[in-house]
Every structure is written in structure tokens, then in C-alpha cells.
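Please read the structure below before turning to the comments.
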Amino acid sequence: MSSRVFKKVLASENPEEIGDGEDSDEIVSRPKQSVFSMFDVSTLPEPTVSSSDDKSEQEAQPKPSQSTKRRKNRKRKNKNKPSSKSEPTDDDAILEAAQKSYAQAGTPKQTGSLAVRSELLSVNRKFLDYKAELSRKFGSSATENRRCNPLPFGQLVRSNLNWPSFERCGLAMKQCDDGSFAFTHDKEYVKQQKAFYVLQDALDPQTLSMFLSKAPYHVDTLLSLSDYLMHQDQSEVAIDFLERALYACQVTFHLGFSFSSASSCHLDYRIQENRSLFVALFRYIFYASSRSCYRSALEYCKALLLLNSEADPLAIILAVDFFAISAEDYEFLIELYEAWNPKRNLYLFPNFAFSIPLARWSQINRQRKRKQPDNVKDPEAIDKMLQDALIMFPGFLPRLMKHTKVGGTNNLDKSELFGKEIRLTESEYLGRLLDLYVSQAHYHWQEPDVLLWLETNVEKVLQLVEPTIVDPANPSVQIPNPSPDKRLRTYSAKRKRLYNEPPRNVLRHLFLRELQDAPPLVPPEFANKQIYPLDPFPPADGINTYDPEAERQNGQPTEGGLAGFLSNFFATLWPSIPAEQQDVDHLNAILGQFGLEVALDELADTEPESDEEEYSDSNYPNAYEFD
Numbered sequence: 001m002s003s004r005v006f007k008k009v010l011a012s013e014n015p016e017e018i019g020d021g022e023d024s025d026e027i028v029s030r031p032k033q034s035v036f037s038m039f040d041v042s043t044l045p046e047p048t049v050s051s052s053d054d055k056s057e058q059e060a061q062p063k064p065s066q067s068t069k070r071r072k073n074r075k076r077k078n079k080n081k082p083s084s085k086s087e088p089t090d091d092d093a094i095l096e097a098a099q100k101s102y103a104q105a106g107t108p109k110q111t112g113s114l115a116v117r118s119e120l121l122s123v124n125r126k127f128l129d130y131k132a133e134l135s136r137k138f139g140s141s142a143t144e145n146r147r148c149n150p151l152p153f154g155q156l157v158r159s160n161l162n163w164p165s166f167e168r169c170g171l172a173m174k175q176c177d178d179g180s181f182a183f184t185h186d187k188e189y190v191k192q193q194k195a196f197y198v199l200q201d202a203l204d205p206q207t208l209s210m211f212l213s214k215a216p217y218h219v220d221t222l223l224s225l226s227d228y229l230m231h232q233d234q235s236e237v238a239i240d241f242l243e244r245a246l247y248a249c250q251v252t253f254h255l256g257f258s259f260s261s262a263s264s265c266h267l268d269y270r271i272q273e274n275r276s277l278f279v280a281l282f283r284y285i286f287y288a289s290s291r292s293c294y295r296s297a298l299e300y301c302k303a304l305l306l307l308n309s310e311a312d313p314l315a316i317i318l319a320v321d322f323f324a325i326s327a328e329d330y331e332f333l334i335e336l337y338e339a340w341n342p343k344r345n346l347y348l349f350p351n352f353a354f355s356i357p358l359a360r361w362s363q364i365n366r367q368r369k370r371k372q373p374d375n376v377k378d379p380e381a382i383d384k385m386l387q388d389a390l391i392m393f394p395g396f397l398p399r400l401m402k403h404t405k406v407g408g409t410n411n412l413d414k415s416e417l418f419g420k421e422i423r424l425t426e427s428e429y430l431g432r433l434l435d436l437y438v439s440q441a442h443y444h445w446q447e448p449d450v451l452l453w454l455e456t457n458v459e460k461v462l463q464l465v466e467p468t469i470v471d472p473a474n475p476s477v478q479i480p481n482p483s484p485d486k487r488l489r490t491y492s493a494k495r496k497r498l499y500n501e502p503p504r505n506v507l508r509h510l511f512l513r514e515l516q517d518a519p520p521l522v523p524p525e526f527a528n529k530q531i532y533p534l535d536p537f538p539p540a541d542g543i544n545t546y547d548p549e550a551e552r553q554n555g556q557p558t559e560g561g562l563a564g565f566l567s568n569f570f571a572t573l574w575p576s577i578p579a580e581q582q583d584v585d586h587l588n589a590i591l592g593q594f595g596l597e598v599a600l601d602e603l604a605d606t607e608p609e610s611d612e613e614e615y616s617d618s619n620y621p622n623a624y625e626f627d
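Residues 1 to 627 in UniProt numbering are what the sequence shown spells out, letter by letter.
Structure below.
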């Protein structure tokens with residue numbers, strides 16, 4: 001019997017007791033949905049009420065006199081005890097209490113910069129759901145399918161009733177001796193991972209889908225299919241695979257793993273098994289951003305930074321300012337800058353050099369309902385911050401002018417700062433950082449009032465550093481600059497010295513972003529090496545369980561090769577028949593570990609009815625039979 005029916009029956013028999021507000025909540029309480037129900041909700045039967053259950057529950061109901069007596073005794077016994085409402089009464093509360101107690105017992109207390117970092121990057125779970133943000137912005141019609149999923153939201157994503165039921169997939173998480181965490185693979189998952197390394201070069205969705213049918217929660221396969229489908233404009237299916245990959249990681253989190261602090265969710269990127277979660281979160285951030293869900297993207301940025309804030313292996317710091325300004329969370333961005341800049345020199349990143357003055361300017365000029373912060377700077381000081389950024393990074397202005405017209409910048413190529421200095425001192429690495437920033441933030445600078453503010457400060461900068469300036473007394477006359485600003489030469493030397501070799505985390509960021517305006521950089525040492533989409537530019541001191549290149553070599557037969565066969569597979573478009581039976585035999589040798597077998601058959605004459613059916617885990621309309 002449900003709690004609602006039980007309450008009605010009790011009310012009909014003893015209306016006075018139910019009317020007593022002090023005791024009604026203690027007699028009957030509606031428990032929250034169990035966190036464990038997300039694992040296999042689709043297989044649970046509908047709840048039923050049998051007559052025997054009704055009878056047993058009715059017999060268990062207390063009589064009025066006994067109820068009154070019991071209530072008095074309970075009050076006397078609990079006189080000096082806290083209310084029972086504060087105790088965990090369901091699975092959610094029990095799990096949360098266990099995680100807190102485990103974290104307190106198993107991790108050291110946070111001190112100094114770690115405590116500050118944890119407080120700044122604390123993840124607000126209610127803002128993680130990008131569909132909820134879509135509903136707030138554009139109404140419920142923007143997310144028609146959201147109400148169809150009643151499952152609770154986990155630490156990262158919400159489960160989906162349409163996904164295969166989750167069973168033990170071979171992925172787990174352990175806590176290391178230093179308090180950090182690491183994913184582990186059991187023997188079955190190791191086999192899947194090695195087979196994946198052989199198959200990933202195929203670039204064929206059907207082959208990977210076939211593989212996924214036997215390993216529905218293999219994270220790297222889900223990420224590969226998601227990436228492929230995203231490039232095919234099948235974003236709905238692609239994001240479903242991406243969320244399933246995050247869910248596979250989420251359900252295997254250690255009991256002490258939580259995004260509540262930096263010390264309770266640290267993952268070492270050097271450990272090979274940990275890297276997939278970083279890549280999955282990175283892609284999910286920019287998918288949420290593509291839906292204009294900047295608040296959600298910002299919260300996932302915090303989660304990604306918490307995983308390894310010291311190393312920031314995917315350089316998400318290059319995008320966090322954009323999401324903060326887009327979400328109008330200027331205070332977070334400024335606090336992050338003030339806390340991290342002294343040790344990390346964030347002012348040397350072009351995105352922070354320009355975003356911080358923009359955020360401070362927006363605090364003053366963007367009227368909002370919430371209370372104005374106390375740390376608002378003087379407008380003149382903000383102007384000087386922007387002028388300093390323009391002198392340090394002159395390449396920003398000509399790049400911005402590709403997107404909008406900036407007044408007062410005629411003959412910019414003849415300028416000392418915005419012409420000659422860019423040609424002589426801007427390295428490829430620095431240029432790519434500026435390309436990246438302008439490609440994502442030019443919308444902020446195109447707003448009319450922001451553009452007017454920028455133009456005013458560009459004119460002031462030209463008066464500061466150019467050898468020939470406009471005469472203040474007579475604007476139509478140009479005169480030599482009596483004392484050019486010393487920063488022109490100082491910053492020129494600094495650009496030459498600091499921006500020569502990009503670090504690997506920036507290389508990974510550019511590679512994963514795949515922006516046309518900011519293409520990836522490939523250092524000479526990687527020129528002749530295979531760069532894997534799920535593990536680009538791995539750490540030089542990586543702790544590796546697998547060798548993808550060796551697995552590929554071991555998986556290739558002598559004549560033709562499996563990679564060549566699968567490439568032809570993709571080039572001729574499915575369905576296709578391989579030219580050599582030995583290639584099929586070799587493919588079967590790999591997939592046979594998972595109970596799959598590929599057999600030659602006649603060409604299929606039918607086409608998939610829809611793209612969603614084509615990439616379904618259960619339907620493979622092609623020229624092969626799967627046993």
C-alpha cells in the first residue's frame with residue numbers, strides 16, 4: 001500500500017491524530033526516489049497492492065489509545081535528542097551521509113590554496129542539467145522530452161530509460177594511497193579496450209555499433225560513435241551516446257568520490273584509464289555551450305577543473321572566462337582570477353587579459369536584479385586594464401576586425417603596435433591563443449556599447465605608443481610622440497620570450513575543439529605519429545596500461561591488413577563485401593572474444609528508414625549476419 005493510501009485510511013479512522021501537525025510527518029513520510037533505481041528502472045514491474053498486503057498493513061495500524069501513549073513516550077525519550085527528520089530515512093540520504101563521512105575520514109583537511117580552490121569551484125548540481133536551462137530560457141517547448149524521463153539527476157548526468165540496463169561492465173574506481181582516485185579495468189574490459197584500439201581506425205559507425213551491441217557501456221566506443229555522429233549532424237543520437245559514456249563513469253564512482261571539493265575527486269591524468277572521463281566532460285561542455293546553455297557549461301567546467309585543477313590537462317581555463325561572462329557570473333570569474341593569478345600568471349593568457357576588464361566593465365554597465373558586488377573597480381582603472389591588454393596582445397584587434405568594424409582604425413597595418421609589432425613578435429603559439437579567444441568571444445565585443453568602449457581605449461593606446469600621434473591641441477595635425485610608452489618595448493620582448501612552445505594541455509584543447517578559426521597545432525615530434533582523438537598528445541610521463549600503436553600492429557595481418565580492409569569498408573559506404581576472406585577471418589578473430597561473428601552474405605537492397613535506426617544498438621541493416 002502506498003503512503004498516500006495509508007494516510008487516507010488512517011485519517012478516516014483517526015482524524016484527530018492526523019490533524020496533529022507534530023506527529024503526522026513522523027507517522028507517514030514520502031521517501032525520495034532511491035538512487036539505486038537509476039540502474040535498472042526499465043526492468044522494474046509496476047507497483048501493485050494486494051489484498052494480503054492491505055490486510056497486514058491494516059492490522060499493523062495502532063489503536064487510538066496506544067498511539068497517544070506511544071507519542072508521549074517518544075517525546076519523553078527524545079527530549080534531549082535531535083529530531084528524527086535530520087536522520088537519513090531513504091537511500092539518497094543514506095548514500096549522501098555515507099559519502100560525507102567517508103570523505104571526512106579518508107581525506108586530509110583542506111588548507112590554504114586547496115580550500116580556496118574548492119570553494120571557488122564548488123559545483124552547483126541544479127545548474128548541471130542543460131535541458132532545465134533550456135526550459136528556463138526558451139520555455140518547456142524547447143525540451144519536450146524532458147518530462148518523459150523521471151529518473152534522478154546523478155553527479156554528472158541523468159540516466160535514460162531507453163538505454164540498455166546497466167550491469168557490471170568491467171569499469172571500476174579505486175582510491176590511491178595519496179587520496180586521489182583512478183579508474184580500473186577488469187579482464188573483460190581489458191579485452192574490449194584492446195579490441196577497440198584495433199577497430200577505432202575503421203571510422204565505420206556500423207563496425208563500432210556492432211561492437212557496442214556486446215559492450216553497451218564501453219566508454220571509448222561510445223565516445224567514438226558520439227564524435228562521428230556529431231560530425232554527421234546527428235546531434236541527438238550523438239549526445240545520447242556521450243551522456244551514456246558519462247553515466248558509465250558516474251555509476252562506477254568510488255563511494256568517497258564527490259565533486260564537493262578538490263580533494264574528493266582528484267584524478268591523475270597521467271593514468272591512462274582516467275583520460276576518457278576528461279575527454280567526455282570536455283565534449284559535453286561545448287555541446288551544452290552550442291545550445292546556449294552557458295550556465296550549465298560553466299558548472300561542468302568547474303567539475304573538469306576539480307578533477308585536476310593543478311595540471312588542467314585539457315586547458316579548460318582557456319574557455320572558462322567565456323562561459324562565465326556569457327552566464328553573467330562576473331563575480332566568479334573575477335574571484336577565480338584574483339585567487340589563481342598570483343601563482344599561475346593568468347594575465348599572460350589573452351583570454352584573461354581581455355575578459356577580466358570586460359567582466360569588471362560589465363559589473364558597472366550591465367544592470368542586473370541581484371545586488372551589486374563590493375569589489376567594483378573605478379572605470380578609469382578598468383580602462384587602463386584594457387589598454388594594458390591591447391599593448392600586450394595587439395593581435396587581438398585585427399582578428400576582431402574580421403568580425404566587426406572598429407572605428408578609428410584606418411590603415412592599421414601602418415601602425416607600430418597593431419602592424420609591425422604583430423609581424424615581428426607574434427609567434428604561432430600566441431597567434432593560436434588569440435585565434436581561439438576571438439573565435440569564441442567576438443560576440444561579446446560586438447555589442448554596441450562594448451564596441452564603443454573598446455574604440456575609445458584603442459585611440460588612447462595609439463596616443464600612448466605610436467611614434468607619431470595626433471596633436472591634442474589640434475586633432476587635424478600629427479606630431480612626433482615625445483615619450484612613447486615603455487611597455488611597447490617591454491611587452492615586445494616578453495612576447496618573444498614566453499610564447500615559443502605550446503604546452504601539451506593547450507595542444508589537446510586546440511585538437512579537441514576542432515575550430516576552423518583556430519586549427520590544431522602539431523609539434524615536430526608528433527609529425528609522424530598517430531594522434532588518437534580520445535587521447536591526443538598523451539603525457540610524456542604517462543602511466544599507461546595499453547599501447548594503442550602496438551595493439552594496432554598486432555591486429556594487422558600481412559596482406560592487405562585489417563586497417564586497410566576497414567578503411568575500404570568505410571570508403572565504399574556500408575554495405576560492402578571485403579575482397580579477401582582472410583580479412584573477415586581476422587576481424588572474426590578479434591570480435592569472437594565478445595560472441596560476435598561476421599559472415600559474408602548477399603548485398604542488402606534495403607536502406608535504413610532513419611538515421612536513428614541506422615545507429616541503433618539492436619538494428620544493423622547491412623550485408624552481414626551477426627551471430
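Just so it is clear, CB atoms sit at the ideal spot from N, CA and C, and this is done for glycine as well.
> L433 to Y330, Cα distance in whole Å?
Replying inline: 22 Å
> Where does F408 land, buried or exposed, given buried means 16+ other C-beta within 10 angstroms?
Replying inline: The sequence shown places Gly at residue 408, rather than the Phe named in the question. G408 should be labelled exposed.
>> Restricting to runs no shorter than 4 residues, where is the alpha helix (DSSP H) found entirely within the region 458-498?
In response: 487-498
>> Checking the sheet assignment: what are the DSSP bridge partners for F181?
In response: Q175 and L267
> In the structure shown, what three-state DSSP assignment does F257 receive?
Replying inline: coil
> Could you give the distance in angstroms between the alpha-carbon of L436 and the alpha-carbon of L346?
Replying inline: 16 Å
> Could you give the residue range of the alpha helix (DSSP H) that holds Y443?
Replying inline: E428 to W445
> Between the region 297-305 and the region 219-239, do at least 3 Cβ pairs fall closer than 8 Å?
Replying inline: no
>> Buried or exposed for E501, going by 16 or more other Cβ atoms inside 10 Å?
In response: exposed
>> For a test of the three-state rule: what should DSSP assign to R244, helix, strand or coil?
In response: helix
> For I479, does the count of other Cβ atoms within 10 angstroms reach 16, so buried, or fall short, so exposed?
Replying inline: exposed
> Are the beta-carbon atoms belonging to L417 and V465 less than 8 Å from one another?
Replying inline: yes
> Are at least three pairs of beta-carbons, each pair with one atom in the region 232-250 and one in the region 278-288, less than 8 Å apart?
Replying inline: yes
> Can V406 and L451 be called in contact, C-beta distance under 8 Å?
Replying inline: yes
> Counting pairs of Cβ atoms below 8 Å between the region 204-217 and the region 122-138, do you hit three or more?
Replying inline: no
> Going by other Cβ atoms of all chains shown within 10 Å of its Cβ, with 16 needed for buried, is T252 buried or exposed?
Replying inline: buried
> Could you give the distance in angstroms between the alpha-carbon of R270 and the alpha-carbon of D177?
Replying inline: 16 Å
>> I need the DSSP call for I334, collapsed to helix, strand or coil.
In response: helix
> For I325 versus H444, is the C-beta spacing smaller than 8 Å?
Replying inline: yes
>> Helix, strand or coil, according to DSSP, for F349 in the structure here?
In response: coil
>> By the DSSP assignment, the alpha helix (DSSP H) with A288 in it spans what residues?
In response: R275 to S290
> Roughly how many whole angstroms lie between the Cα atoms of F138 and L171?
Replying inline: 38 Å
> Can you tell which of P536, G256 and L515 has its C-alpha closest to the C-alpha of H231?
Replying inline: L515
> Taking three-plus beta-carbon pairs below 8 Å as touching, is the region 525-539 in contact with the region 488-498?
Replying inline: no
> Can you name, in chain order, every residue of its own chain whose Cβ lies under 7 Å from the Cβ of residue 639, other than the five neighbours on each side?
Replying inline: Only positions 1 to 627 of the chain appear in the structure, and residue 639 is not among them; the question remains open.
> Quick one, are the C-beta atoms of Q250 and L156 less than 8 Å apart?
Replying inline: yes
> Does the ligand MG have a heavy atom nearer than 7 Å to the CB of P313?
Replying inline: Ligands in the displayed structure: none, and consequently the ligand MG is not present.
> I356 to P373, Cα distance in whole Å?
Replying inline: 15 Å
> Which partner residues does I543 have in the DSSP bridge list?
Replying inline: I271
>> Excluding the 5 residues flanking E243 on each side, which residues of the same chain have their C-beta closer than 6 Å to its C-beta?
In response: V157
>> Short of 8 Å in beta carbon distance, which residues of its chain neighbour A60, apart from the five on each side in sequence? Order them along the chain.
In response: Low confidence applies here, because A60 scores a pLDDT of 43, under 50, leaving its location unreliable; read the following figure in that light. Counting only Cβ-Cβ distances below 8 Å, and skipping sequence neighbours, we find nothing.
> What is the rounded straight-line gap between the Cα of P379 and the Cα of V320?
Replying inline: 24 Å
>> I'd like the list of long-range same chain contacts for R487, defined as Cβ closer than 6 Å, with 5 residues on each side in sequence excluded.
In response: I391
>> Does V376 pass the burial test, meaning 16 or more other C-beta atoms within 10 Å, or should it be called exposed?
In response: exposed
> Can the beta-carbon of H266 be found closer than 8 Å to that of N308?
Replying inline: yes
> Rounded to whole angstroms, how far is the Cβ of F511 from the Cβ of P520, which I believe are closer than 8 Å?
Replying inline: 4 Å
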